[in-house]
Structures are given as structure tokens and as C-alpha cells.
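Novice:
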Ligand code: CMX
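Residue numbers (the working numbering): 415 to 849.
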């Protein structure tokens with residue numbers, strides 16, 4: 415057993431006993447009441463899941479195992495020799511182990527993923543069966559599904575594994591999946607936008623540095639951006655569509671590949687991860703309509719009003735839980751201020767930030783008028799010439815593997831239950847309240 419896996423194993427017993435004792439003491443206590451409006455309103459605000467890896471506060475934003483993004487930027491190991499941003503290997507380690515890793519832990523994890531990263535040829539064939547113009551997220555989920563043939567969990571289940579050991583092949587699947595996703599994503603990018611001219615991995619680099627390299631970006635500043643990007647997009651507690659879908663599908667003992675591809679199908683929706691491409695599309699069509707250049711605040715305001723009047727959303731703004739500016743937005747803004755303060759698109763994104771909240775607030779219905787993670791990420795990518803915005807959600811997806819897979823390993827380790835909430839009908843509810 416590898417050292418990382420063995421270290422994880424030491425944590426399982428304690429966690430199981432902690433939950434058991436907690437349930438024995440408090441299992442019958444209530445944590446809230448459910449309103450009828452929540453049943454029709456996407457279960458907003460209903461605490462119905464356990465997710466240990468991160469927690470979202472409406473005002474403060476995300477904390478990963480208790481640490482805010484600025485704290486992670488300070489505490490997590492960086493790329494040796496001058497890196498400034500946390501390594502995604504480190505956030506995965508933190509989410510899985512509930513421990514800040516050492517430089518050695520992170521190096522070991524990087525090497526472990528590099529060893530697991532070979533992608534079998536049939537994955538590329540499955541992707542190649544799609545038209546090259548297929549949306550990159552479609553190519554991505556097909557690639558993930560094709561990889562399911564490699565599932566150690568599915569093989570072990572077929573042989574008849576004891577449920578106490580489910581976590582072991584799930585750990586193998588999760589680690590293999592994370593290790594292979596950058597190659598699959600880069601393959602899709604090069605296939606779609608660079609005439610299928612692929613780039614061999616460089617295993618002297620870390621997980622995100624190598625990903626940037628395989629995409630065709632060897633600039634150190636871009637690698638730093640990828641490290642930050644992968645870290646801040648990795649997890650956002652348990653109830654968002656992608657994380658929840660992975661957990662839900664995984665609760666049927668579907669393996670890591672089946673579960674993760676379900677999450678990626680959710681991420682591909684415009685109200686969730688696809689919003690990152692929509693933001694750039696929206697800004698570009700505004701610029702086109704205005705004849706280019708830096709739009710004035712008044713022009714942006716008019717364009718926002720037009721978007722709303724057409725019954726569309728302003729992408730990158732609003733959130734189902736957050737009620738303030740997303741700290742993931744702020745982290746990206748700080749990166750831009752440090753590396754590209756005069757970039758045209760950055761100036762537009764900043765001006766949009768000054769204009770949109772007031773307009774959304776004036777609608778009287780938008781609960782959170784502030785920007786979310788997707789309002790900024792595209793601008794940073796555009797700056798380094800990753801301009802093909804339909805690819806952006808794939809980057810989000812690669813990052814999301816870190817949180818969802820740490821959770822899936824834990825789900826199997828503690829024997830999480832099959833998810834099966836009840837549903838009712840409008841007639842039954844009417845009957846209940848008529849009495
Ligand atoms: N532009 C226009 N209208 C918006 C809006 C926006 N950015 N955000 C919310 N609203 C509208 C909703 O559509 C809803 O309208 P109706 O009552 O007519 O249906 C109303 O305001 C109330 O919505 P809410 O309670 O404030 O927000 P929800 O929890 O229902 O939805 C979200 C949250 C993110 C889907 C929504 O804010 C939105 O559509 N934003 C734009 C898309 C986006 O940026 N998504 C990415 C989110 C982050 C991520 O998952 O990656």
C-alpha cells in the first residue's frame with residue numbers, strides 16, 4: 415500500500431467512531447424545519463447533506479477544512495523555487511486528510527499522480543468518435559465515461575468485496591481519475607483548437623504545471639494561474655449541482671467514473687460551471703455591439719438592462735448561497751492586479767463589477783447581486799491567450815475532481831448511506847394544509 419493511502423487508512427477508524435458516538439448522543443435532535451416553499455425552490459437553505467471538506471458561509475464565502483482562501487495561500491506548499499500560489503496537490507491532501515501537508519507530502523502526491531497518469535488509447539478513440547466541434551464538456555464527459563473500463567471498484571464489486579473495504583478500490587479509482595484528467599482535458603483542447611497536435615507530458619512538473627504544459631502554455635505565470643485556479647475551484651461544500659450529483663450517484667455505489675461524469679454533466683449547465691464561458695461570451699457581444707474599446711459605465715448599465723429585459727441572466731453574478739462578493743472572485747482579482755493591472759479585459763471586468771450589483775439589486779428579486787467565481791476566471795485565461803472560452807468549463811471540471819473525489823473516498827470509508835429523500839405531490843400538500 416502506498417504511503418498516502420496508508421496514512422489515509424489510519425484516519426478511518428477514528429472518523430467512524432466519532433460519527434457513531436455523535437449519532438448516539440444527538441441523532442434525534444432537529445437542526446431545522448422545512449418550509450413548503452423550499453420544496454418548490456430548489457431546497458435552498460435546507461441542510462440535508464454532510465460534506466467535511468469545505469463549508470460555505472453566505473457572507474464570508476468558502477473555507478476548506480476551516481481555512482479561508484487567503485489562509486491557504488499563506489499556509490499550503492508552493493511549487494519549489496519561487497512559486498507563490500498553493501499547489502492543488504496540497505488542497506487535495508488537506509481535504510482528504512484534514513491536515514496541512516508538508517512539502518514532502520505534496521511532492522509524494524505529485525509523483526504518485528504522475529505514475530498513475532497514463533491514459534489508455536481507447537479513451538482517445540472514444541473522444542475521436544465525436545465531431546471535433548462537439549462542445550468540449552461533451553467530449554470531456556465521454557472521455558470520463560470511457561475511462562470507466564478501468565474501474566478498480568467495479569472489478570472488486572464484481573468479485574464480491576466486503577463493504578468494509580469499499581474505500582480501497584475507490585481510493586485507487588479517485589487517484590487514477592485525478593491523475594488522468596489533465597491528459598484527457600489537454601487532448602480535447604489540442605484536438606478541438608490546435609489541429610490535434612498533442613503535447614507529451616512533462617513529469618518534472620507538478621500536476622497543474624504539467625496540465626498547462628500539455629495545453630501548450632509554458633509560461634511560468636500561466637502555471638501559477640493554473641495552480642490558483644485549480645485550488646479555488648476544487649470544492650464548494652456539498653450542495654452545489656456538481657458536488658451533489660457526484661455524491662448522489664456515488665451513493666448507489668456507482669464507481670468514481672460514473673459518479674464524476676454525472677457531476678460534470680451538471681457542471682456543464684449555464685447556471686453552474688458553464689457560466690464561466692457565458693461571461694466572456696456576454697462581454698464580447700457587448701463589445702461587439704458597442705463597436706469595441708472600453709465601454710463606459712453607462713454603456714455597461716444599458717447593456718445589462720437590455721440583457722434583463724430579454725429575460726436572460728447576467729452571467730457571473732448571483733449565487734444560491736453567497737450573499738457577498740465571492741472570495742474566489744477576489745483571489746482572481748488580486749492575481750490580475752498583481753500580474754496584469756492594465757489588461758483591457760480586466761478593466762472591463764472591473765467596470766462590470768462597479769455597475770452590475772446596483773442594477774441587479776434594483777430588480778428587487780435577486781438575492782445576491784455580487785459576482786461569483788465565474789465573473790473573473792475567463793479574463794485571466796484570455797490574458798494568457800487561452801481565448802477559446804468553450805473550453806473554460808473543462809478547466810473547472812478538472813479542478814472539481816479534487817473535492818468530489820476526496821468526498822467520494824470518505825463516503826466509501828465511512829459507509830455513507832444511499833441517498834433517497836422523499837417526495838410528495840402538490841395535491842397531497844394541499845390536502846395536508848386544508849385539514
Ligand atoms: N441575472 C439576472 N437575474 C438573476 C441573476 C442574474 N445574475 N441572479 C439571480 N437572478 C434572478 C433569478 O433568475 C430569479 O428570477 P425569477 O424569480 O424570475 O426566477 C431571481 O433573481 C431570484 O434568484 P436568486 O434567489 O437570487 O438566485 P438563485 O439561487 O435562484 O440562483 C444562480 C442562483 C447562480 C443560478 C443565479 O444567481 C444566476 O442565474 N446567476 C447567473 C449565472 C451564474 O453566474 N451562475 C454561476 C454560479 C456559480 C457556479 O455555480 O459556478
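We put the beta carbon where it would ideally sit given N, CA and C, even for glycine.
Pair every Cβ in the stretch 807–814 with every Cβ in the stretch 759–767, then say whether three or more of these pairs are closer than 8 Å.
Specialist: no
Novice: Is it buried or exposed for residue 708, if we count other Cβ within 10 angstroms and need 16 for buried?
Specialist: Taking the chain shown and counting its residues from 1, the one referred to as residue 708 is at position 294. The residue is exposed, with fewer than 16 neighbouring Cβ atoms inside 10 Å.
Novice: Could you say if the stretch 580–587 and the stretch 819–832 meet the contact criterion of at least three C-beta pairs nearer than 8 Å?
Specialist: For the pair of segments examined, the stretch 580–587 was found to touch the stretch 819–832: the number of CB pairs separated by less than 8 Å reaches three.
Novice: Who are the near neighbours of residue 689 in its chain, counting only those whose CB is closer than 7 Å to its CB and skipping five residues on each side?
Specialist: As a position in the chain shown, residue 689 is number 275, starting the count at 1. Excluding positions up to five away in sequence, the list reads 729, 730, 788.
Novice: CB residue 558 to CB residue 674, shorter than 9 Å?
Specialist: Sequence index remark: in the chain shown, residue 558 carries index 144 (1-based). Sequence index remark: in the chain shown, residue 674 carries index 260 (1-based). In contact: residue 558 and residue 674 (Cβ atoms closer than 9 Å).
Novice: I need the boundaries of the beta strand (DSSP E) containing residue 476, first residue and last residue.
Specialist: Taking the chain shown and counting its residues from 1, the one referred to as residue 476 is at position 62. Its beta strand (DSSP E) spans residues 475–478.
Novice: Note down, in chain order, each residue of its chain lying with its Cβ closer than 7 Å to the Cβ of residue 726, except the 5 sequence neighbours on either side.
Specialist: For this step, residue 726 is matched to residue 312 along the chain shown. Closer than 7 Å at the Cβ level, and outside the excluded window around residue 726, lies no residue.
Novice: What do you get for residue 777, buried or exposed, if any count of 16 or more other CB atoms within 10 angstroms of its CB means buried?
Specialist: As a working note, residue 777 is residue 363 in the chain shown. Exposed: under 16 other Cβ atoms inside 10 Å.
Novice: Buried or exposed: where does residue 415 fall if 16 or more other Cβ atoms within 10 Å of its Cβ makes it buried?
Specialist: The count along the chain shown starts at 1 and reaches residue 415 at position 1. Exposed.
Novice: Cα-Cα, which of 480, 715, 774, 494 is closest to residue 638?
Specialist: Numbered from 1 along the chain shown, position 224 holds the residue referred to as residue 638. Answer by Cα proximity: 494.
Novice: Given this structure, state the Cα-to-Cα distance separating residue 834 from residue 524, to the nearest angstrom.
Specialist: The count along the chain shown starts at 1 and reaches residue 834 at position 420. The count along the chain shown starts at 1 and reaches residue 524 at position 110. If I take the Cα positions, the gap works out to 37 Å.
Novice: In chain order, what residues of the same chain lie with their CB nearer than 7 Å to the CB of residue 773, ignoring the 5 residues before and after it?
Specialist: Walking along the chain shown from the start, residue 773 turns up at place 359. Result list for residue 773: 715, 718, 719, in chain order.
Novice: Count Cβ pairs between the stretch 696–704 and the stretch 440–450 that sit closer than 8 Å; are there 3 or more?
Specialist: no
Novice: Does DSSP put residue 731 in a helix, in a strand, or in coil?
Specialist: In the chain shown, the residue the question calls residue 731 occupies position 317. Residue 731 falls in the strand class under three-state DSSP.
Novice: Here's the rule I'm using: 16 or more other beta-carbon atoms within 10 Å means buried, otherwise exposed. How should residue 658 be labelled?
Specialist: Walking along the chain shown from the start, residue 658 turns up at place 244. Classification of residue 658: buried, given that the 10 Å Cβ count is 16 or more.
Novice: List, from N- to C-terminal side, the alpha helix (DSSP H) runs of 4 residues or more that fit wholly inside the stretch 508–532.
Specialist: 517–530
Novice: Under the criterion of a Cβ to heavy atom distance below 8 Å, does residue 686 qualify as lining ligand 1?
Specialist: Walking along the chain shown from the start, residue 686 turns up at place 272. The answer is yes for residue 686.
Novice: Between residue 729 and ligand 3, is there a pair consisting of the residue's CB and a ligand heavy atom that are separated by less than 8 Å?
Specialist: Inclusion of ligand 3 in the displayed structure is not the case, the ligand content consisting of ligand 1 alone.
Novice: Applying the criterion that 16 or more other CB atoms from any shown protein chain within 10 Å of the CB defines a buried residue, is residue 427 buried or exposed?
Specialist: Counting from 1 along the chain shown, the entry for residue 427 is found at position 13. Classification of residue 427: exposed, given that the 10 Å Cβ count is below 16.
Novice: Pick helix, strand or coil for residue 468, following the three-state DSSP scheme.
Specialist: Within the chain shown, the letter at position 54 stands for residue 468. Here residue 468 sits in strand by DSSP.
Novice: What are the boundary residues of the alpha helix (DSSP H) that residue 568 is part of?
Specialist: By one-based count along the chain shown, residue 568 stands at place 154. That run of the alpha helix (DSSP H) goes 566–573.
Novice: Measuring straight from C-alpha to C-alpha, what distance separates residue 685 and residue 616?
Specialist: The count along the chain shown starts at 1 and reaches residue 685 at position 271. The count along the chain shown starts at 1 and reaches residue 616 at position 202. Each residue's Cα considered, the two are about 35 Å apart.
Novice: For the stretch 564–645, list the alpha helix (DSSP H) runs that are entirely contained and at least 4 residues long, ordered along the chain.
Specialist: Counting only runs of at least 4 residues, the stretch 564–645 fully encloses the following alpha helix (DSSP H) elements, listed from N- to C-terminal order: 566–573, 581–607, 621–629.
Novice: Per DSSP, residue 492 forms a beta bridge with which residues?
Specialist: Along the chain shown, read from residue 1 onward, the residue named residue 492 stands at position 78. Looking at the DSSP assignment, residue 492 forms a beta bridge with 500.
Novice: Can you find a heavy atom of ligand 1 that lies under 8 Å from the Cβ of residue 722?
Specialist: By one-based count along the chain shown, residue 722 stands at place 308. For ligand 1, at least one heavy atom lies less than 8 Å from the Cβ of residue 722.
Novice: Using 8 Å as the cut-off, can you tell me whether the stretch 457–472 makes contact with the stretch 743–754, which would need three or more C-beta pairs spanning the two stretches below that distance?
Specialist: no
Novice: Under the three-state reduction of DSSP, which class applies to residue 481: helix, strand or coil?
Specialist: Walking along the chain shown from the start, residue 481 turns up at place 67. In this structure, residue 481 counts as strand in the three-state DSSP scheme.
Novice: Name the residue from 505, 631, 593 whose alpha carbon lies nearest to the alpha carbon of residue 799.
Specialist: Translated into the one-based positions of the chain shown, residue 799 becomes position 385. That would be 631, whose Cα lies nearest to the Cα of residue 799.
Novice: Using a Cβ-based criterion (distance less than 8 Å to any ligand heavy atom), does residue 780 qualify as near ligand 1?
Specialist: For the purposes of this step, residue 780 is taken as the residue at position 366 of the chain shown. Yes, ligand 1 has a heavy atom inside 8 Å of this Cβ.
Novice: Looking only at its own chain, which residues have a Cβ that is under 7 Å from the Cβ of residue 450, when we skip the five neighbours before and after it?
Specialist: Start at 1 with the first residue of the chain shown, and residue 450 comes out as number 36. Same-chain partners within the cutoff: 843.
Novice: Between which residues of its own chain and residue 460 is the CB-CB distance below 8 Å, once the five residues before and five after are set aside?
Specialist: Position 46 of the chain shown, counted from the start, is the residue given in the question as residue 460. Taken in chain order, the residues that qualify are 446, 448, 452.
Novice: Find out if the Cβ-Cβ distance for the pair residue 610, residue 656 is shorter than 9 Å.
Specialist: Residue numbering aside, residue 610 sits at position 196 when the chain shown is read from its first letter. Residue numbering aside, residue 656 sits at position 242 when the chain shown is read from its first letter. Going by C-beta atoms, residue 610 is not nearer than 9 Å to residue 656.
Novice: Is residue 785 helix, strand or coil by DSSP?
Specialist: The count along the chain shown starts at 1 and reaches residue 785 at position 371. In this structure, DSSP gives residue 785 an extended state, which the three-state scheme calls strand.
Novice: With the cut-off set at 9 Å, would you say residue 547 and residue 479 are in Cβ contact?
Specialist: Taking the first residue of the chain shown as position 1, residue 547 is located at position 133. Taking the first residue of the chain shown as position 1, residue 479 is located at position 65. No. Outside cutoff.
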